[in-house]
Structures are given as structure tokens and as C-alpha cells.
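Some notes on the structure that comes next.
Residue numbers (the UniProt record's numbering): 1 to 595.
Written out as C-alpha cells, the structure is:
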């Protein structure tokens, strides 16, 4: 018996040794390390990070005013030097946008007068202030405090009843599917419409148009990455720590009133919001004739429908991008060969993509169409980048004059000074200097990788095409839709508020950049003043994104596209069927061909 006890004792000692040697002692790990351990572990039994744990992690870093001052000063220098729309933001905005004028530089200084306990509170206030621009290309991202996606497993949508009243309903519920299509009467005991509208007005930045932001706060079907998925739902899916750990919803399910409470949680594993309402490539009674991955080509009744996802061009390699765009040309040619005389272009829920792809699609449909011209800010911060880049052997890049063609002569610029020019405008009550207006030189910018075959001649005119979006058609998507609208292609916006016309697209931008993209240029340009580099440098965990080049209308040459309020020609609304079956919207949209 003694030998057995001895063996047991040795096993216990050995087990304790192994445990102490190889298993981290939880009491010595702070809460942030614990969360990271859950996220990176392949064997974690955890499915979600708890709100309270993430909050406790964020509260480990106290507010440091000295560091905050350095952050504010670096953000201000980058905005003053590169943000093309800084001064326009000070001006009274078109009433259709419902925006206040904002002097961002002055208001950033005011943030420093607030008392904070924790660093994340300061970062959120700065990010929220920048978001007030409602410029989808301009925001502040923190690797520390925007790293998690807080979710509730619930999404909502808006329907307009036959009597014209608006309701919020449950679109999808992964936890309690029986709640789907129940009306959401109250959110935290306040009318649901009011809560969603307030959130869209003050806590989203996807558009300058409140109706489009309202759509982004809710859920809708989107096409992308070769499939349909649930997009939007910003109200119940956030990347900032929500102020409260949960939200309550009062539901009306066929006359039965109930109240549910949903906690905020962070899924450890990526959640794919694939649509449970569309299986495979079929959509209602629409017949798929070609799948180009980033686009699908359907025939419905006697008209064609083309779904395009501009976002899937992002970060692709050149061969793949060539293949995608070549397939789009094939799809349009197939519709033409079938004798289709009318086309609906559905570009709903497109957050952006590559500019050259938008230009290519425009040229495919209308070979003689002209691009939107662009310009850059010229000042003591941007000039060193523009002039020093001109000396580099590569001869390309976001600041290089050879990357552009003069809008005045339609020829390459003769020199960097020719590109810089001497163009002074009054913006926001001050004199601001910009470069000469120019078109992007795609051949130079993309190093000749995109030598497409001559596209097919297509039969459609501006009278044969209708554009359909839910207002979330940004950047490269807007380059397509807003440029086609300027040659009188009709537009339809879906959703929003009853009887309130709103923008079908936004941010037909000339170019966007970030501090992360500009930072490597510091090392390439040896003659940059070290003090300038120091002023522009943000901490490693912060990235400022901004509109670098503004685009101008062709139809109204002095109009900056970012601040052009362009409401759609027509408006449609979602109902219980069309919210889940886009073909219902396509049939309704086709009726406008006759108008």
C-alpha cells in the first residue's frame, strides 16, 4: 500500500509541476492578455468575449493628457496638410444633408478641455468628432479600441405600410428566429423609429445624407464576394464599446407584446452574415445567365438586371482584377446578344473599391464618357511630398505629377510646377490653394497591368438603363452612378423615410489615403524635413484616413462632388417581401422605364 501512496504522491507532485511550468497562471495575466488568449487560441471553449471583460481591459489604460496633446497635434497637421475637404466643412451645407458646419481644427482643440478617466474615452471622442464630417473616407481608427465587433445577433429593417406609416421590424434573429418580422415598438422604452433615427443622425458616418445613414443603421441584403449577405445593421453591430451592456426591445408579434433584452457580445470567431433568404444564385423568378463573381447578370420578364459589387476589387492581385473586369464585359455582351433592351444596374450596399474599376465600367457602357477631374491641396505640408516625389525614379505614386493628365489640355503635365499650378479658391471663408485640375493617368498609376481587350460595342443609351441603390453606394460605386446620372441615366433610391427624396450615392472621390499609406513615403523621400515628419507621425496603434483628392462635376465644373446633394429621381420602399427578395424591387424599378 505504501508503494501505491508513493506513486500517487509522485504523480500529484509531477502534475502540479507540469501545470505550474506549462500552464499560464491566470492571476498573473491581466484581463487584456486573457482576452487575447481566448481570441488566438484554437482550443478556446469561449464563443464570445463578455462586455464587462472588454470594458475592464479598456479601463486598464488611464488618460494621459500629454499623449493626448501629441495625438491631437499630429491629427491636425495631417488634416491641414492633406484633407482636401477641410475648409468646405466649415460652410453651411445643403439642407438635404442636415449637417452642421464644422471647424474641425478648432473643435479638436476643445476635446482637450474634457476630463477623461481612460484613454479609450478620449479616442472615441476624437473619432466621433471626425465622424461628424459624415465623410466615409475620413475617420480615425485605433487598433486598441476599435478592434472588437460588438454584436447582439439581432438585425432590423424598415417597412412602409400602405397607409404611409413607417415601422421597424426584426429582419433576422440568430438567437430567437420566432422574432423575425415582429414589429419593434420600443427600444429601451423609447419609440423605435426615434431611436434608430437618432443613432443614424449622430453615430454613423457612411453618408452625408441622413436617409442613407438611416438605411445603414438597419439591415438589408447585399451582394458581394460571390454571394448574398446581410449588410448594414450598424445599430446592432458596432466597433466602439457601447455605453451600456445591453439593449431592450419591445416587440409586437401578431398582437402579442413581449420584451427581450440583448447583451452586447464579441464573437471570438468570425461570423458570416450569409443571407438565409437566398439560396445559391437564383433570385425570385429572375434567371441567372452569367456569374462574374463580382457581378451577376439576370433576365427578369423582358429586362436585364446587373448586380455589381465594387468592393470585391479591393486588394486583389492584378491578374484577378483583370479577370473580374473582363468577365463583366462578357456579361453585358451576353445580355446584348439575348436582345435585352433595358437594364437595371443594382449597386446597393457598395462601400467602395478601386477607382480604375469604376472608370472601366463607365467606359464599357459609354465609351466616350469623361472622368471626373480632381485636385489636391497645396500648402507647406503637401508641397514637399509633391515636389520630392517628382524627383524619384519610379515616376508614379499618389503625389507624382506623372500620375495625372491635365484636365485643361488632356495631355500629361510638362513638369511638377505645371501640376501644382496657382489655383486659389475661397472655401470656408479662407483662401485655399489647390493643384491644377487633372484626370488620373491609369496607364501610369497601374503600371500598364490593365491592358484590356477592346470592349464590345453595347447597344444601350442613357434611356435604356436605370440605376438602383439604397443610398449606400460610395466612392468607386459613386463614380459609376453619379457619373452616369450626369449623362441623364435615371436613378432610384430604396428605403429611407416616407416621401423624403435622398441621395442615391455619395463620395465620388478623387482619391483617399491615410497616415499608414503616407508614412512609408517618409523613408522614400530622403529630403523631407525631419521636423515635418515628426509633426505628422501618429502612434503606431492609430491610423487617420482622409479624402486626399477632391473630384469635380463635369456638368457643373465648379461643384465639388462630395458636397453635391444629388437626390434620386425616384424612390421605392422595402416591404416584407422585397426586403428579402430583390427581384421584387427590380420589377417595381422596371416600371420607371416607361416614365
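In this text, a Cβ means the ideal position worked out from N, Cα and C, and glycines have one as well.
- Closest in alpha carbon position to residue 340, among 265, 458, 37 and 193, is 458.
- Of the residues 142, 552 and 484, the one whose Cα lies closest to the Cα of residue 467 is 484.
- Contact check for residue 120 against residue 58 passes: the beta carbons are separated by less than 8 Å.
- When the alpha-carbon of residue 117 is set against those of 56, 135 and 86, the nearest one is in 56.
- A Cβ-Cβ distance of about 13 Å is found for the pair residue 206 and residue 545, leaving them out of contact under the 8 Å criterion.
- Linking residue 352 to residue 60 through their CA atoms gives a straight-line distance of about 36 Å.
- As a beta-bridge residue in DSSP terms, residue 140 pairs with 544.
- Taken through DSSP and simplified to helix, strand or coil, residue 538 comes out as coil.
- Nearest C-alpha to residue 374 among 368, 156, 408 and 174: 408.
- The alpha helix (DSSP H) runs lying completely inside the region 87-128 and spanning 4 residues or more are 104-111, given in chain order.
- In this structure, residue 188 places its C-beta atom within 8 Å of the C-beta atom of residue 247.
- Straight-line spacing of the CA atoms in residue 225 and residue 83 works out to 31 Å.
- The three-state secondary structure of residue 38, taken from DSSP, is helix.
- Going by DSSP, residue 298 is part of the beta strand (DSSP E) stretching over 295-300.
- DSSP assignment within the region 359-403 yields the following whole beta strand (DSSP E) runs of 3 residues or more, N-terminal first: 374-376.
- Put simply, the region 562-581 touches the region 495-503. At least three CB pairs are less than 8 Å apart.
- Here residue 55 is not bridged, per DSSP, to any residue.
- The beta carbon of residue 309 sits closer than 6 Å to those of 223, 224 and 294, all from its chain and outside the five residues before and after it, given in chain order.
- Boundaries of the beta strand (DSSP E) harbouring residue 469: 465-469, taken from the DSSP string.
- Looking at the backbone, the Cα of residue 126 and that of residue 298 are separated by about 45 Å.
- Inclusion of residue 590 and residue 344 in the CB contact set at 8 Å is warranted, their separation being smaller than that value.
- Going by DSSP, residue 418 is part of the alpha helix (DSSP H) stretching over 416-420.
- Residue 478: member of the alpha helix (DSSP H) spanning 476-485, first to last residue.
- Per the coordinates, the alpha-carbon of residue 429 lies some 20 Å from the alpha-carbon of residue 549.
- Excluding the 5 residues flanking it on each side, residue 567 has same chain C-beta neighbours closer than 7 Å at 96, 501, 502 and 503, in chain order.
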